[in-house]
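Asks: In this note's numbering, the protein residues as written are 1078 to 1470.
Note that the Cβ used here is the ideal one computed from N, Cα and C, for glycine as well.
This is the structure I have questions about; it appears just below.
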């Protein structure tokens, strides 16, 4: 009997939203769920105990980064990621395909795999569908993803089709390779197709018919307008098998969570909540605020009244403002705790609304009140982070 089962407990009659439970060897995941990202076997600035306290059920780590440092063999010698990072809940590792794609000129694709230069020391590295299965087996995560190709935005239809078809071939190879390794890992398939509706539907059908216990939707949130991302999901979801959990890769702002659930997604991950927290952006029911703003300098109460996170229960907005302005390390921890709790509480509220049949009302009320960052602000932030990453490499 498989260690992985997915049970759908409720579905919304007016949308594609659903609530379910995904059982893994390290515990149950109640969906919809947001997964904090611990790229290098840590969610920046917070401990595993603090992750539990904010309601985290599963976290995500990155195969690309961990294979380069400290190495999957070393992590395996510690008993795998769970023991290495002292996290006893489920872990999902992505394949590193997106990170390799983002290296641009430092990579070279072939049918066999991808050759690239390490961003750490420039050393040549070669990833194949088979080597990724071996590395993820050594990491010991519960849910693993195969090597795929994330087409850029914008992308010509011919390039999109070639990338999708090669991804499909790589996923077939990953299924074969996985048989040599751990049966206690669930290999999710990845749906691609760039921004071509027909390709998205084709990929959903092809990958959905392969023996994957779950599916990840890749290649979105790579620079396109959000309206285009949602349009691609509207073409994709109807072609996905109902009985398998669906993971929307790399998407996870508050408004994305609410919209994505209505379009049939169950699992979300994104660095955004933790990254913007470190840069002073904190989530509230009215939208994201900047704690560095002078208006917080003398506020004696919490950042948001009624917030149940550790930060808001114990510290004033004025203190957070001071910590950020003084560049004190404590701010990064407190800001991250707040944003993660916001996201995980939102996921729990979405689940509750689906179970009690009020998701459409919840969605409308949330989106009416919450003011998301504009496309212009999102693009400016993206360019800043790209520049910062380029300086680090």
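1. Could you spell out the range, first to last residue, of the beta strand (DSSP E) harbouring residue 1212?
2. Excluding the five sequence neighbours on either side, which residues of its own chain have a C-beta within less than 6 Å of the C-beta of residue 1209, listed in chain order?
3. Would you identify the three-state DSSP class for residue 1324, choosing helix, strand or coil?
4. Which parts of the segment 1096 to 1179 are runs of the alpha helix (DSSP H), unbroken and 4 residues or longer, counting only runs that do not cross its ends?
5. Between the beta-carbon of residue 1366 and the beta-carbon of residue 1443, is there less than 8 Å?
6. Output the boundary residues of the beta strand (DSSP E) element that contains residue 1087.
7. Would you decide whether residue 1279 is buried or exposed? Buried here means 16 or more other CB atoms lie within 10 Å of its CB.
8. Counting beta carbon pairs with one atom in the segment 1340 to 1352 and one in the segment 1312 to 1328, are three or more of them shorter than 8 Å?
9. So, does the segment 1199 to 1216 touch the segment 1152 to 1161, judging by three or more C-beta pairs under 8 Å?
10. Helix, strand or coil for residue 1349? Go by DSSP, reduced to three states.
11. Taking residue 1220 and residue 1265 to be in contact with their CB atoms under 8 Å, please state how far apart those CB atoms are, rounded to whole angstroms.
12. Near residue 1085, which residues of its chain fall below 6 Å by C-beta distance, leaving aside the five closest residues on each side in sequence?
13. Just list the alpha helix (DSSP H) runs in the segment 1193 to 1277, keeping only unbroken ones of 4 residues or longer that don't cross its boundaries, in chain order.
14. Using three-state DSSP, classify residue 1280 as helix, strand or coil.
15. Go ahead and label residue 1391 buried or exposed: buried means 16 or more other beta carbons lie within 10 angstroms of its beta carbon, across all protein chains shown.
16. In the DSSP assignment, what are the bridge partners of residue 1360?
17. Return helix, strand or coil for residue 1309, following the three-state DSSP convention.
18. Please work out which residues of its chain come closer than 7 Å, Cβ to Cβ, to residue 1130, disregarding the five sequence neighbours upstream and downstream, and give them in chain order.
19. Hey, quick one: how far does the beta strand (DSSP E) through residue 1187 stretch, first residue to last?
20. Where DSSP assigns a beta bridge to residue 1292, which residues make up the other side?
21. Do residue 1350 and residue 1420 count as a contact pair if the criterion is CB distance below 8 Å?
22. Rounded to whole angstroms, what's the CA-CA distance from residue 1189 to residue 1138? Just pull it up for me.
23. Output the distance between the C-alpha atoms of residue 1427 and residue 1331, rounded to the nearest integer angstrom.
24. Rounded to the nearest angstrom, how far is the Cβ of residue 1326 from that of residue 1295, given a contact under 8 Å?
25. Contact defined as beta carbons within less than 8 Å: I believe residue 1355 pairs with residue 1413. What is the distance between those atoms, to the nearest angstrom?
26. Going by CA-CA distance only, name the one from 1123, 1080, 1104 that's closest to residue 1408.
27. Taking buried to mean at least 16 other C-beta atoms within 10 Å of its own C-beta, is residue 1181 buried or exposed?
28. Could you check the C-alpha separation between residue 1384 and residue 1436 for me, to the nearest Å?
29. Please classify residue 1101: is it buried, with 16 or more other beta-carbons within 10 angstroms of its beta-carbon, or exposed?
30. Since residue 1328 and residue 1297 should fall inside the 8 Å C-beta cutoff, what is the C-beta to C-beta distance between them, to a whole number of angstroms?
31. What separation, rounded to the nearest whole angstrom, lies between the Cα atoms of residue 1140 and residue 1377?
32. Spatial neighbours of residue 1481 within its chain, please: CB distance less than 8 Å, with the 5 preceding and 5 following residues excluded, ordered by chain position.
33. For residue 1198, count neighbouring C-beta atoms within 10 Å of its own C-beta (all shown protein chains included) and say buried if the count is 16 or more, exposed if not.
34. Taking 6 Å as the limit between beta carbons, can you name the residues of its chain near residue 1184, skipping five residues before and five after?
35. Which residues mark the beginning and the end of the alpha helix (DSSP H) in which residue 1374 is found?
Replies: Quick look at the numbers:
1. Per DSSP, residue 1212 belongs to no beta strand (DSSP E); it is in the alpha helix (DSSP H), 1206 to 1216.
2. 1172, 1224
3. strand
4. 1125 to 1131, 1140 to 1145, 1149 to 1154, 1158 to 1162, 1174 to 1179
5. no
6. 1082 to 1088
7. Buried, by the Cβ-count rule.
8. yes
9. Touching, yes, given that three or more Cβ pairs across the two stretches are closer than 8 Å.
10. helix
11. 6 Å
12. 1095, 1097
13. Taking 4 residues as the minimum length, the alpha helix (DSSP H) runs contained wholly in the segment 1193 to 1277 are 1206 to 1216, 1234 to 1255, in order along the chain.
14. helix
15. exposed
16. 1365
17. helix
18. 1387
19. Segment: none, residue 1187 is in no beta strand (DSSP E) and carries neither H nor E.
20. Within the DSSP secondary-structure output, residue 1292 pairs in a beta bridge with 1266, 1323.
21. yes
22. 25 Å
23. 11 Å
24. 5 Å
25. 7 Å
26. 1123
27. Result: exposed.
28. 21 Å
29. The Cβ neighbour count for residue 1101, taken over all protein chains shown within 10 Å, is at least 16; the residue is labelled buried.
30. Confirmed, Cβ separation roughly 6 Å.
31. 43 Å
32. Here the chain comprises residues numbered 1078 to 1470, so residue 1481 is not present and cannot be evaluated.
33. exposed
34. Within the same chain, residue 1184 has close Cβ partners 1177, 1191, 1193.
35. No alpha helix (DSSP H) holds residue 1374; DSSP gives it neither H nor E.
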